[in-house]
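*Asks:*
In my numbering, the protein residues as written are 513 to 852.
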């Protein structure tokens, strides 16, 4: 469970770091939603020594995934005003986003040199250290941030993550709960709490997942976690409804189709309906070996062995070490079908 949660939390960390922690920093300079690149270029030409304008253009580039251009503009902002920690934090964010951790760390550390009381820089450095599994160093930064601001929800979230990595789920739960007390919209903490309680088979997990989808109703991650918990604990209707929501958000999400099919097949013996779901999973992910296998199983259970054989052969072609497919082909051979 720790490894699974660690992977999930790293994904959350990328989201949360990009959202910022503590003060808003350079995010205060986000360009107007309707501004164009041409307008930003004109402003820079008119005032080329204004670091804030380069910061605005850097954010514009980031929004449009022009990351190299964004890096150049952050570098320019730093050269124009090297004492402003906001530019360092923003540059660190971008380096972190591109998984250039050493350079990200250097920027966060420089920001702290410029502003030792910046909880934003301190927590971002802590998060980076956490991802690098430098837990004691990360905890030092978190505790220092809490001495500056003992109400910061991101600090408690990170503290929970550190405790979770150390295997102390009780302290992790306490920290995550404190985070949501400080900020009831702390999505990441609800997901983390849901995962911890789900691993223990605790029904409280569903409450945390429900809170997560209320905060971010378009989150495939939250709906999937909710669906998986319901599926594993026999709440088929809740699971199917969760996967249906994912299909609305992302029709090409193969897992949502596959998991729905699995429930219909394994829990409810609704073979034709399950087959429809597996077929759609294959349509959006043609290399989905498990979907071929399970579709083959629906055919076999209905006595349609020729169709089952085709799917089993495709499954083992895609995944040669799939034991279930090999066993299924053995059954087909025993039934007198010619297996390739």
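All C-beta atoms, glycine included, are put in the ideal place defined by N, C-alpha and C.
In angstroms, rounded to a whole number, what distance separates the CA positions of residue 689 and residue 721?
*Replies:* By one-based count along the chain shown, residue 689 stands at place 177. By one-based count along the chain shown, residue 721 stands at place 209. Taking the straight line from one Cα to the other gives about 14 Å.
*Asks:* On the premise that residue 774 lies in contact with residue 805, defined as a C-beta separation below 8 Å, what is that separation, rounded to the nearest angstrom?
*Replies:* Start at 1 with the first residue of the chain shown, and residue 805 comes out as number 293. Start at 1 with the first residue of the chain shown, and residue 774 comes out as number 262. No, residue 805 and residue 774 are not in contact; Cβ-Cβ is about 11 Å, not under 8 Å.
*Asks:* Nearest-angstrom Cα distance between residue 662 and residue 622?
*Replies:* Reading the chain shown from its first residue, position 150 is the one you call residue 662. Reading the chain shown from its first residue, position 110 is the one you call residue 622. C-alpha separation (whole angstroms): 23 Å.
*Asks:* To which residues of the same chain is residue 590 closer than 6 Å at the C-beta, ignoring the five residues directly before and after it?
*Replies:* Within the chain shown, numbered from 1, the residue matching residue 590 stands at position 78. Excluding positions up to five away in sequence, the list reads 599.
*Asks:* Where does residue 630 fall in DSSP's three states?
*Replies:* The residue given as residue 630 occupies position 118 in the chain shown. Residue state, collapsed to three classes: coil.
*Asks:* Checking 8 Å against the spacing of the C-beta atoms, do residue 502 and residue 654 come in under that value?
*Replies:* The displayed coordinates of the chain run from 513 to 852. Any statement about residue 502 would go beyond what the structure contains.
*Asks:* Tell me the rounded alpha-carbon separation between residue 789 and residue 766.
*Replies:* Here residue 789 refers to the residue found at position 277 when the chain shown is read from its first residue. Here residue 766 refers to the residue found at position 254 when the chain shown is read from its first residue. If you take the alpha carbons of residue 789 and residue 766, they lie about 9 Å apart.
*Asks:* Given this structure, state the Cα-to-Cα distance separating residue 707 from residue 757, to the nearest angstrom.
*Replies:* Walking along the chain shown from the start, residue 707 turns up at place 195. Walking along the chain shown from the start, residue 757 turns up at place 245. Residue 707 and residue 757: Cα-Cα distance of roughly 20 Å.
*Asks:* Pull up the distance between the alpha-carbon of residue 618 and that of residue 797, whole angstroms please.
*Replies:* The residue given as residue 618 occupies position 106 in the chain shown. The residue given as residue 797 occupies position 285 in the chain shown. C-alpha separation (whole angstroms): 41 Å.
*Asks:* Near residue 772, which residues of its chain fall below 7 Å by C-beta distance, leaving aside the five closest residues on each side in sequence?
*Replies:* Numbered from its first residue, the chain shown carries residue 772 at position 260. Only 752, 755 and 789 meet the Cβ criterion.
*Asks:* Hey, residue 650 and residue 657: beta-carbon distance below 8 Å or not?
*Replies:* In the chain shown, counting from the first residue as 1, residue 650 sits at position 138. In the chain shown, counting from the first residue as 1, residue 657 sits at position 145. Contact: no.
*Asks:* Is the Cβ-Cβ distance between residue 669 and residue 701 less than 8 Å?
*Replies:* Within the chain shown, numbered from 1, the residue matching residue 669 stands at position 157. Within the chain shown, numbered from 1, the residue matching residue 701 stands at position 189. Result yes, Cβ atoms of residue 669 and residue 701 sit closer than 8 Å.
*Asks:* Let's test the definition: count the other Cβ atoms within 10 Å of the Cβ of residue 761 and tell me whether it reaches 16, buried, or not, exposed.
*Replies:* Counting from one through the chain shown, the residue named residue 761 turns up at place 249. Exposed, since its Cβ has fewer than 16 Cβ neighbours within 10 Å.
*Asks:* Can you give me the C-alpha to C-alpha distance between residue 672 and residue 716, rounded to a whole angstrom?
*Replies:* Within the chain shown, the letter at position 160 stands for residue 672. Within the chain shown, the letter at position 204 stands for residue 716. Residue 672 and residue 716: Cα-Cα distance of roughly 18 Å.
*Asks:* Taking only three categories from DSSP, how would you classify residue 798?
*Replies:* Residue mapping note: residue 798 aligns to position 286 of the chain shown, counting from 1. Residue 798 falls in the coil class under three-state DSSP.
*Asks:* Suppose only complete runs of 4+ residues qualify. What are the alpha helix (DSSP H) ranges in the segment 579 to 649, listed by chain order?
*Replies:* Listed in chain order, the complete alpha helix (DSSP H) runs (minimum 4 residues) inside the segment 579 to 649 are 579 to 592, 597 to 609, 613 to 626 and 631 to 643.
*Asks:* How would you write the range of the alpha helix (DSSP H) that residue 564 sits in, first residue to last?
*Replies:* Here residue 564 is taken as the residue at index 52 of the chain shown, counted from 1. Note, residue 564: alpha helix (DSSP H), 563 to 575.
*Asks:* Tell me the rounded alpha-carbon separation between residue 845 and residue 821.
*Replies:* For this step, residue 845 is matched to residue 333 along the chain shown. For this step, residue 821 is matched to residue 309 along the chain shown. Cα-Cα distance, rounded: 9 Å.
*Asks:* For the alpha helix (DSSP H) containing residue 672, name the first residue and the last one.
*Replies:* Locating residue 672 in the chain shown gives position 160, where the first residue counts as 1. Unbroken alpha helix (DSSP H) run through residue 672: 665 to 677.
*Asks:* So is residue 734 buried or exposed if we call it buried at 16+ other beta carbons inside 10 Å?
*Replies:* Sequence index remark: in the chain shown, residue 734 carries index 222 (1-based). By the 10 Å Cβ count, residue 734 comes out buried.
*Asks:* Restricting to Cα atoms, I'd like to know which of 631, 826, 763 and 807 is closest to residue 783.
*Replies:* In the chain shown, counting from the first residue as 1, residue 783 sits at position 271. Checked all of 631, 826, 763 and 807; the closest Cα to residue 783 is 807.
*Asks:* How close, in whole Å, do the beta carbons of residue 606 and residue 565 come, if the pair is a contact with beta carbons under 8 Å?
*Replies:* Position 94 of the chain shown, counted from the start, is the residue given in the question as residue 606. Position 53 of the chain shown, counted from the start, is the residue given in the question as residue 565. With a Cβ gap of about 17 Å, residue 606 and residue 565 do not count as contacting.
*Asks:* Grab me the residues of residue 594's own chain with a C-beta within less than 7 Å of its C-beta, minus the 5 sequence neighbours each way, in chain order.
*Replies:* Translated into the one-based positions of the chain shown, residue 594 becomes position 82. Closer than 7 Å at the Cβ level, and outside the excluded window around residue 594, lies no residue.
*Asks:* Looking at residue 847: is its Cβ nearer than 8 Å to the Cβ of residue 817?
*Replies:* Counting from 1 along the chain shown, the entry for residue 847 is found at position 335. Counting from 1 along the chain shown, the entry for residue 817 is found at position 305. It is a contact, given that the beta carbons lie within the stated cut-off.
*Asks:* Quick one: what does DSSP say residue 721 is sitting in, helix, strand or coil?
*Replies:* Residue mapping note: residue 721 aligns to position 209 of the chain shown, counting from 1. Reduced to three states, the DSSP call for residue 721 is helix.
*Asks:* Among the residues of its own chain, which have a CB less than 8 Å from the CB of residue 770, if the five just before and after it don't count?
*Replies:* Taking the first residue of the chain shown as 1, we reach residue 770 at position 258. Correct list, in chain order: 789, 790, 793, 800, 802, 803 and 806.
*Asks:* Taking the straight line between their C-alpha atoms, what separation do you get for residue 691 and residue 674?
*Replies:* Sequence index remark: in the chain shown, residue 691 carries index 179 (1-based). Sequence index remark: in the chain shown, residue 674 carries index 162 (1-based). Cα-Cα distance, rounded: 14 Å.
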